[in-house]
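Engineer:
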Amino acid sequence: MRIGNLNLEKNVLCAPLAGFSNRPFRVLAIKAGAAMTFTEMISSEGIIRLQSKTLAMMEFKKDEQPIGIQLFGANPESMEKAAEITAKNFKPDLIDINLGCPVKKVVRKNGGAAILKDLKLTEQIIKATINGAGEIPVTIKIRTGWNDQSPVFLDVGRIAEDAGVSAITLHARSKVKGFSGQAHWESIRELKKSVSIPVIGNGDIKTPEDAMRMLNETGCDAIMIGRAVMNNPFIFKDINSFLESGKLPEPPTIEEKIDLSLTHAKLMIEEFGPERGLKMMRRYLTWYIKGFPGVSKLRPLLSKVETYDDIGNIFDDYLGGTKT
Ligand SMILES: Cc1cc2nc3c(=O)[nH]c(=O)nc-3n(C[C@H](O)[C@H](O)[C@H](O)COP(=O)(O)O)c2cc1C
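Using the working numbering, the first residue of the sequence shown is number 3, and each one after it goes up by one.
#1: Short check: CB of D223 to CB of M3, under 7 angstroms?
#2: Taking only the alpha-carbon atoms, compute the straight-line gap between G275 and R285 and give it to the nearest angstrom.
#3: Quick one: is T255 buried, meaning 16 or more other Cβ sit within 10 Å of its Cβ, or exposed?
#4: Can you give me the start and stop residues for the beta strand (DSSP E) that V297 sits inside?
#5: In the structure shown, what three-state DSSP assignment does D98 receive?
#6: Excluding five sequence neighbours on each side, which residues of the same chain lie with their C-beta closer than 8 angstroms to the C-beta of K259?
#7: Name the DSSP beta bridge partners of T265, please?
#8: What residue range is occupied by the uninterrupted beta strand (DSSP E) comprising G134?
#9: With ligand 1 as the reference, list in chain order each residue whose Cβ lies under 7 angstroms from any of its heavy atoms.
#10: Please tell me whether L280 and V307 are closer than 7 angstroms, where the distance is taken between their beta carbons.
#11: Write down every uninterrupted run of the beta strand (DSSP E) in the region 24-98 whose length is 3 residues or greater and which is fully enclosed by it, in chain order.
#12: Tell me where the alpha helix (DSSP H) around G159 begins and ends.
#13: So which of E66, W148, D312 and I170 has the shortest CA-CA distance to P94?
#14: Are the region 3-20 and the region 231-238 touching, with three or more C-beta to C-beta distances below 8 angstroms?
#15: Pick helix, strand or coil for N315, following the three-state DSSP scheme.
#16: Measuring alpha carbon to alpha carbon, tell me which of D157, N91, D120 and D261 ends up nearest G134.
#17: Between S45 and G75, what straight-line distance do the alpha-carbon atoms span, to the nearest angstrom?
#18: Leaving out five residues before and five after I207 in sequence, what residues of the same chain have Cβ atoms less than 7 angstroms from its Cβ?
#19: Just verifying my parser: in three-state terms, what is the DSSP assignment at T326?
#20: In the DSSP assignment, what residue or residues form a beta bridge with L172?
#21: Taking 8 angstroms as the limit between beta carbons, can you name the residues of its chain near Q126, skipping five residues before and five after?
#22: For P26, which residues in the same chain have their Cβ closer than 7 angstroms to its Cβ, ignoring the five residues on either side in sequence?
#23: Hey, how far is the Cα of P104 from the Cα of V178?
#24: Excluding the 5 residues preceding and the 5 following K239 in the sequence, name in chain order all residues of the same chain whose CB lies nearer than 7 angstroms to its CB.
#25: Going by C-alpha to C-alpha distance, which of L96, G159 and A116 sits closest to W148?
#26: Tell me which same chain residues have a C-beta within less than 6 angstroms of the C-beta of K83, skipping the five on either side of it?
#27: Classify F181 as buried or exposed, calling it buried when 16 or more other Cβ atoms lie within 10 Å of its own Cβ.
#28: Compare the beta carbon distance of I199 and E257 with 7 angstroms and say whether it is the shorter of the two.
#29: Suppose contacts are defined by Cβ-Cβ distances below 7 angstroms. Is G6 in contact with P139 by that definition?
#30: Can you name the start and end residues of the beta strand (DSSP E) that I224 belongs to?
#31: In three-state DSSP terms, what is M214?
#32: Taking DSSP as the reference, what is the three-state secondary structure of I5?
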């Protein structure tokens, strides 16, 4: 699939997830077969003030690519400057605009989904970001609208296409819906019919079967997976295989899940240092061992790990015969 000048080999994308989309998460997603990854949403105001914490969130290496840096903000001028800084200093494969975030902290400042209440502002933000981004393709990620009574995704689709946006991701829920109910995939189908730029469908894909169904029912060009990746990066491998052959690969073995745990822990330590990295890692460990025989004995041990070797030793003991 092509997004502007970017050529993607596959069409299953890893969603931006604040609090999750860091370097380790993205490396694992790409390794498992994600078509591309994203940073979490990054404040345009933080970028233009060159805040070091903000800029650190924008760094990436080759093994996380293709990657999009996602920007949010309600001021077109700031978005233009932020896109310019992003393009010049970080050179991501694309810049994505967050027009769908429902979080209070963001919408209170009229960012994220709040922008969808004002189509003029939506247009200004899109045009400004494209100006700032130069050669780098700009995509947008939207919800259906602020509420279900006044959907705007078709209007935003038209505005985006006219302005030169390279692809649109639609999380098929309104802002007020948050994450409740079912995503309304019919909206994705309607958007796909009404624009000629690529449409990326998003919302409630939990299994390879869901992925196939979304592509078939909506005709979208690609799909994006969010929550289902958090505890299972292998989902990209499963979905790719299912889409290509209609078959699921063998489920990962215990040894493969242990391998994933150790690789993830190593990346976390490299990225965040041993103390913070391992603290952050604990919840992943308890997710990755789900379904292991004797998991109730393993979980309390892994939720206390303090060193990388602790993890290795716990799994060695486990594999050495204390499984049950
Ligand atoms: C914890 C969490 C953080 C998220 N952070 C972002 C974000 O930074 N930017 C964004 O565009 N969407 C964000 N989202 C929305 C997801 O990218 C995605 O659109 C949504 O979860 C629906 O897809 P899913 O059903 O596959 O999870 C976030 C969602 C969750 C659950």
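Beta carbons are placed, not taken as given, at the ideal position from N, Cα and C, and that holds for glycine.
Structural biologist: Put simply:
#1: yes
#2: When the Cα atoms are used, G275 and R285 turn out to be separated by approximately 17 angstroms.
#3: Counting Cβ neighbours within 10 Å, T255 comes out exposed, since fewer than 16 surround it.
#4: V297 -> not in any beta strand (DSSP E); alpha helix (DSSP H) instead, spanning V297 to L304.
#5: strand
#6: Y290, I291 and F294
#7: Per DSSP, none; premise fails for T265.
#8: Per DSSP, G134 belongs to no beta strand (DSSP E); it is in the alpha helix (DSSP H), L121 to A135.
#9: A17, P18, L19, A20, G21, F22, S23, E42, M43, Q72, N100, G102, C103, K143, H173, F181, A185, N204, G205, D206, I207, M226, I227, G228, R229 and A230
#10: Result yes, Cβ atoms of L280 and V307 sit closer than 7 angstroms.
#11: Runs found: 69-74.
#12: F155 to A165
#13: Minimum Cα distance to P94 is reached at E66.
#14: The region 3-20 is in contact with the region 231-238.
#15: helix
#16: Of the candidates D157, N91, D120 and D261, the one whose C-alpha sits nearest the C-alpha of G134 is N91.
#17: 6 angstroms
#18: A213, M216, I225, I227 and A230
#19: Residue placement at T326 cannot be trusted, given a pLDDT of 48 that sits under 50; what the coordinates show is reported in the next sentence. In this structure, T326 counts as coil in the three-state DSSP scheme.
#20: I144 and G203
#21: P78, listed in sequence order.
#22: H266, L269, M270 and E273
#23: 8 angstroms
#24: The answer, listed in chain order, is A34, G35 and P251.
#25: A116
#26: I50
#27: exposed
#28: no
#29: yes
#30: Sequence inspection shows Ala at residue 224; the Ile mentioned does not correspond to that position. Per DSSP, A224 belongs to the beta strand (DSSP E) from A224 to I227.
#31: helix
#32: strand
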